[in-house]
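Following: one structure in structure tokens, then a few remarks.
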Amino acid sequence: MSGAALGLEIVFVFFLALFLLHRYGDFRKQHRLVVIATLLAWYLCFLIVFILPLDVSTTIYNRCKLAVNSSPTESNGSYVTLAPSKQKCFKPWSYIPNGIMPIFWRVVYWTSQFLTWILLPFMQSYARSGGFSITGKIKTALIENAIYYGTYLLIFGAFLIYVAVNPNFNLQWNQLQTIGIAAANTWGLFLLVLLLGYGLVEIPRSHWNGAKRGYLLMKTYFKAAKLMTEKADAEENLEDIMEEVRKVSESIKYNHPLRKCVDTILKKCPTEYQERMGRNMDDYEDFDERQNSYPSEKSLVKLHKQVIYSVQRHRRTQVQWQILLEQAFYLEDVAKNETSATRQFVHTFHSQEPQNKIIQYFYTPTVEWYWECLLRPWFYRVLAVVLATFSVIVVWSECTFFSTKPVLSLFAVFIQLAEKTYNYIYIEMACFLTIFFLSICVYSTVFRIRVFNYYYLASHHQTDAYSLLFSGMLFCRLTPPLCLNFLGLTHMDATISHKNTQPTAYTSIMGSMRVLSFIADGFYIYYPMLVVILCIATYFSLGTRCLNLLGFQQFMGDSEMTSDLIDEGKELIRREKRKRQRQEEGENRRREWKERYGNRDDSTRNRVVHTDQKESSFSETHANRALSKYTRSNGRTERDRIELLQDAEPLDFNADSINDDPLESDSGRYQSGGRYLSMSRSKIFDDV
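Below is the structure:
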């Protein structure tokens, strides 16, 4: 099994990163380099989280073997026995041979640092550039990142000058490397504590609130109102941009030197706008015959960038609106089925996507009712309690991990108890659960936060290239300090435990932080205590309240603005629900009409054709009489159809009482408004 666990986890983590990237990105529409760079960044970060427990178990075994070899020993079978105490050092099932882990961590770490500090920022500017050639995009990316790269070069150059001038410092290359690593980890730890303080409270609270009846439905109504505003804004923005594109397309004709740039812009526009602009084109007009002011290439680059952004935003809001509607309809079905006596889950609308037959076989309506209406709330409550317990342990350990005598960090206590019995499976499971929970708290916050419309991770393949690359940058900057913080919580870091023991392979590539004592003994130890203040602020929703005061609507139960948005979203969902019900009723009526009268119409049509052929020798008077009869009948049918359309009144969505069932509302309207003229009792058979 030597090295097999490492290989299996490498393969598993790759498919995990590929699955998540496929959920948020779009492999068919986004550039291959963007997909590969983001996949590599996510893969390396997830790999560090999954492989680090193996490094811990291997280090514990090496420490035991080193302690045994330093004392009089005797060999006994497949393990080494310490003579005085009869101590046994079993080799873990996931043992990784010496020399592999240092090389592995060095490659993973420096590759992730190259991605986050050099490649990904450059690719961000390249992806958002509106240039029409590779050279133009590269030039734009270099100009935008000149200040970014120049700042780091200036700081590093000033530090080198200070070291060269000060005679007290005699730094070597390894120490300079350690200082660079410490600077990167300090920046990452500063951001890590902020995200961790939010996730430790919000994740258990979100699961607890998810178990409340009606909470998710109210929040969905709130999201619907906000998303409709964003959707309308995106449509208006797209219309304005398309109007500018139309003007540019009409001014720059086929033989203009910049026409190729305009064609490139037109290819990025939606299909309906391309067809509309193509019909208005006049390629026979020479641009030199009229003295017009033509846009410059720089303005076209700016317009190209705006088109890419507006089209992507419009597409994203449309998809999110449809997904939110499905979620709202399903939550309304859950609320209705909670009082069902049959204990079978009934859907208002059938799923538009084909479901798996295996899932349909096991996940029956009865099973679905018991899960959604009975078991799921209790499962969420139990899960919330477990997550809250983990959060309390993390907060306590973050405040006490620097204490070695006595050991107050609970994670360190668990690992040391397992280390005495050399239960490697327990050690690896405890380490994995700990670092996995910390990663969930940090990474979920990265997936939730939204910086206006510049950074936003949207599922269902709706995340743009800029946001994907930005998330890769954040992961690469947060993961190394996250792992160091985990090793500090478990006292596997010699800097924290103050023991002269063999360090893990991961901390060995970081170097000794004693070069910068104020960081090793000060910032790394006392700054994580700030997580207590952040957790308290998150628990009382101080950040949400501040954003709400600044005009950014947030979901707050005691806010009047939240209540208004919930009512608005509820009305929007009702409107969309009635619209979909009318569409399904129309489709059902057309289907029933085809099934009932389709064959009869075909036979009638054949009989009429046969009769016309048979009576072709009739007199002209009989033909005119038949013609007048059919004309009068067709005219009456058309008149009845017009009366039907006139009788259909538009629904008033602002009425005080609205019936959710469109069938009942329609039947009431028919009874109060009388019968249609085509169905009146008198003069029905006048044409017969």
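Take the position in the sequence shown, starting the count at 1, then add 133; the result is the number in the working numbering. The beta carbon of each residue, even a glycine, is placed where N, CA and C say it ideally should be. Every value quoted in this text rests on a predicted model; they were computed, and no experiment measured them.
Query: When you compare only the Cα positions, how much space is there between Asn721 and Glu728?; Result: 10 Å
Query: Tell me whether Arg346 sits in a helix, a strand or coil according to DSSP, three-state version.; Result: coil
Query: Is the segment 334 to 344 touching the segment 622 to 631 in the sense that three or more CB pairs, one from each, lie closer than 8 Å?; Result: no
Query: In or out: Val298 buried (at least 16 other Cβ within 10 Å) or exposed?; Result: exposed
Query: By the DSSP assignment, the alpha helix (DSSP H) with Cys506 in it spans what residues?; Result: No alpha helix (DSSP H) holds Cys506; DSSP gives it neither H nor E.
Query: Where does Phe147 sit, in a helix, a strand or coil, going by DSSP?; Result: helix
Query: Are the beta-carbon atoms of Val334 and Ser572 separated by less than 8 Å?; Result: no
Query: Go to Arg610, then tell me how far its alpha helix (DSSP H) extends in each direction, as first and last residue.; Result: 598 to 622
Query: Output needed for Pro636: all residues of its chain with C-beta closer than 6 Å, excluding positions within five of it in sequence on either side, in chain order.; Result: Ala627
Query: Alpha carbon to alpha carbon, what distance is there between Tyr157 and His437?; Result: 24 Å
Query: Can you find the residues in the same chain that come closer than 8 Å, C-beta to C-beta, to Glu505, ignoring five residues on each side of it along the sequence?; Result: Val467, Asn470, Phe478
Query: Does the separation of the CB atoms of Gly330 and Val584 fall below 8 Å?; Result: no
Query: For Leu615, tell me which candidate among Ala317, His155, Phe289 has the shortest Cα-Cα distance.; Result: Ala317
Query: Do you know how far the Cα of Thr567 is from the Cα of Ala216?; Result: For Ala216, the predicted structure reports a pLDDT of 39, less than 50, and the residue's modelled location is therefore unreliable. The matter cannot be settled from this model.
Query: Tell me where the alpha helix (DSSP H) around Leu680 begins and ends.; Result: 675 to 682
Query: Does DSSP put Val584 in a helix, in a strand, or in coil?; Result: strand
Query: To the nearest angstrom, how far is it from the Cα of Phe179 to the Cα of Val168?; Result: 16 Å
Query: Relative to the C-alpha of Leu185, which residue among Phe565, Ser692, Phe289 is closest?; Result: Phe565
Query: Where does Cys574 land, buried or exposed, given buried means 16+ other C-beta within 10 angstroms?; Result: buried
Query: Short check: CB of Leu880 to CB of Glu552, under 8 Å?; Result: As displayed, the chain neither begins before 134 nor continues past 821, which places residue 880 out of reach and without an answer.
Query: Would DSSP call Cys668 helix, strand or coil?; Result: helix
Query: I'd like the span of the alpha helix (DSSP H) that includes Leu391, first residue to last.; Result: Counting along the chain, Leu391 falls outside any alpha helix (DSSP H), and DSSP gives it neither H nor E.
Query: If you follow the alpha helix (DSSP H) that Pro254 is in, where does it begin and where does it stop?; Result: 253 to 261
Query: To the nearest angstrom, report how far apart Ile193 and Lys224 are at their CA atoms.; Result: 10 Å
Query: Which residue from Leu458, Leu199, Val378, Glu465 puts its Cα closest to that of Arg346?; Result: Glu465
Query: Whole-angstrom Cβ separation of Ala367 and His447, contact assumed at under 8 Å?; Result: 5 Å
Query: Residue range of the alpha helix (DSSP H) that Glu465 falls in?; Result: 430 to 470
Query: Any contact of the segment 245 to 252 with the segment 601 to 613, i.e. 3+ C-beta pairs under 8 Å?; Result: yes
Query: Which class does Gly140 belong to by DSSP, given the choice of helix, strand or coil?; Result: helix
Query: Assuming Trp226 and Tyr557 form a contact by the criterion Cβ under 8 Å, report the distance between their Cβ atoms to the nearest whole angstrom.; Result: 7 Å
Query: Nearest to Pro230 by CA position, among Val144, Ile280, Leu139, is which residue?; Result: Leu139
Query: Report all residues from its chain with a CB closer than 7 Å to the CB of Glu430; omit the five preceding and five following residues, and keep chain order.; Result: Leu391, Cys394
Query: Is the segment 170 to 178 close to the segment 145 to 157, with three or more CB pairs under 8 Å?; Result: yes
Query: Quick one: measure Cβ to Cβ for Phe95 and Lys352, integer angstroms, because I've assumed they're closer than 8 Å.; Result: Absent from the structure is residue 95, since the part of the chain shown begins at 134 and ends at 821.
Query: Buried or exposed, going by whether 16 or more other CB atoms sit within 10 Å of the CB of Thr450?; Result: buried
Query: What's the call for Glu717, buried or exposed, on a 16-neighbour Cβ count within 10 Å?; Result: exposed
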